[in-house]
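**Q**
Numbering (this note's numbering), first residue to last: 4 to 90.
1) Should the segment 21 to 33 be called in touch with the segment 63 to 73, which here means at least 3 C-beta pairs below 8 angstroms?
2) With a 10 Å radius around its C-beta and 16 neighbouring C-beta atoms as the bar for buried, classify residue 39 as buried or exposed.
3) Anyone know if the C-beta pair for residue 81 and residue 5 falls short of 8 angstroms?
4) Between which two residues does the alpha helix (DSSP H) holding residue 86 run?
5) Identify, in the order they occur along the chain, each residue of the same chain with its Cβ nearer than 6 angstroms to the Cβ of residue 52, setting aside the five sequence neighbours on each side.
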């Protein structure tokens, strides 16, 4: 299941920076800070944390690579469509 923290989102008509949480059936979850480019349909990952089913962080870090195309039919495309539903 996918959650978008709209309260902390930095959003304008072209870009957004938002925390995204992906939860899994067994209770584990991943949290990512990402930026999305509306026109180019690209994503930039900044930071992540991986939690076990008890909410304990098992890994965390930062990404140092640049913008990437959003993979079609992926969780991050669902985030993009939730933010800009008519693109």
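Every residue, glycine too, gets a C-beta built ideally from N, C-alpha and C.
**A** According to the structure shown:
1) no
2) Residue mapping note: residue 39 aligns to position 36 of the chain shown, counting from 1. Flag for residue 39 reads buried.
3) Position 78 of the chain shown, counted from the start, is the residue given in the question as residue 81. Position 2 of the chain shown, counted from the start, is the residue given in the question as residue 5. The Cβ atoms of residue 81 and residue 5 lie closer than 8 angstroms to each other.
4) The residue you call residue 86 lines up with position 83 of the chain shown. Element bounds for residue 86: 78 to 86.
5) For the purposes of this step, residue 52 is taken as residue 49 along the chain shown, with counting starting at 1. Only 34, 60, 63 meet the Cβ criterion.
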